[in-house]
Amino acid sequence: MDPKAGFWPMAGGPPPSFEPSGLGPPPIGTPVPVKRRHASRWRLNPNALTVLEAAFQRSNFPTLGEKDTLAVDLNVSRRQVQVWFQNRRQRAKAKETAGIPGSTQIADALLDFVSGSDGEGDELADEGGASSAAGPEETHPKIEALSTSVVAAHAHATAAAAAA
Numbered sequence: 000m001d002p003k004a005g006f007w008p009m010a011g012g013p014p015p016s017f018e019p020s021g022l023g024p025p026p027i028g029t030p031v032p033v034k035r036r037h038a039s040r041w042r043l044n045p046n047a048l049t050v051l052e053a054a055f056q057r058s059n060f061p062t063l064g065e066k067d068t069l070a071v072d073l074n075v076s077r078r079q080v081q082v083w084f085q086n087r088r089q090r091a092k093a094k095e096t097a098g099i100p101g102s103t104q105i106a107d108a109l110l111d112f113v114s115g116s117d118g119e120g121d122e123l124a125d126e127g128g129a130s131s132a133a134g135p136e137e138t139h140p141k142i143e144a145l146s147t148s149v150v151a152a153h154a155h156a157t158a159a160a161a162a163a
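Okay, here's the thing in structure tokens:
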């Protein structure tokens, strides 16, 4: 008599979907889920950083061949080299645009100037309540900020056009 027949009298054994938990190893050929560990962070040594920075100075968009060569030289995967270049381009872009105010800041400053407001909701007035205009030797802070922004944006646009 089958030992399982007493427990599974109707079918003569367990149904095919039955998987006892913790009652021994799974049947042979059953795939076992593998827990994946995250790869450890890639630590660049100073020599590798020098090589990558030099390659970035030559071209911030390296070809597949250049990425492969760098990967072999640094003993890393091409994907690691690609991600390093992506991150480096983002750092360069962030550094380049850090000092340039956004168009909304320029528009706000221009609107405040045209409307005569200083952006705080109150009109430009001295302590006596009379409206005061900046003299020829004195520049209103909004005008100064606006002119600085326009000059910086123009310089950036000129440099970008020259690079293209």
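The numbering of the sequence shown is numbering that gives the first Met the number 0, which starts it at 0 and goes up by one.
Just so it is clear, CB atoms sit at the ideal spot from N, CA and C, and this is done for glycine as well.
key: For A161 and G115, the rounded distance between their alpha carbons   = So the two alpha carbons sit approximately 37 Å from each other.
inquiry  = I'd like to know whether the C-beta atoms of A70 and V80 end up nearer to each other than 8 Å.
reply    = Contact: yes.
ask   = Start and end of the alpha helix (DSSP H) containing R78?
value = 77-96
ask   = Within this structure, are the beta carbons of R78 and D67 separated by less than 8 Å?
value = no
ask   = Going by other Cβ atoms of all chains shown within 10 Å of its Cβ, with 16 needed for buried, is A164 buried or exposed?
value = In the structure displayed, the chain extends from 0 to 163; residue 164 sits before or after that span and is not available.
query = With distances taken between CB atoms, is the gap from I170 to S148 smaller than 8 Å?
reply = A query on residue 170 cannot be resolved here, the shown segment of the chain reaching from 0 to 163 and no further.
message = Rounding to the nearest angstrom, what Cα-Cα distance links F60 and P32 in this structure?
response = 39 Å
Rounded straight-line distance, which links the Cα of L51 to that of R164 = In the structure as shown, the chain begins at 0 and stops at 163. Residue 164 is therefore absent and cannot be evaluated.
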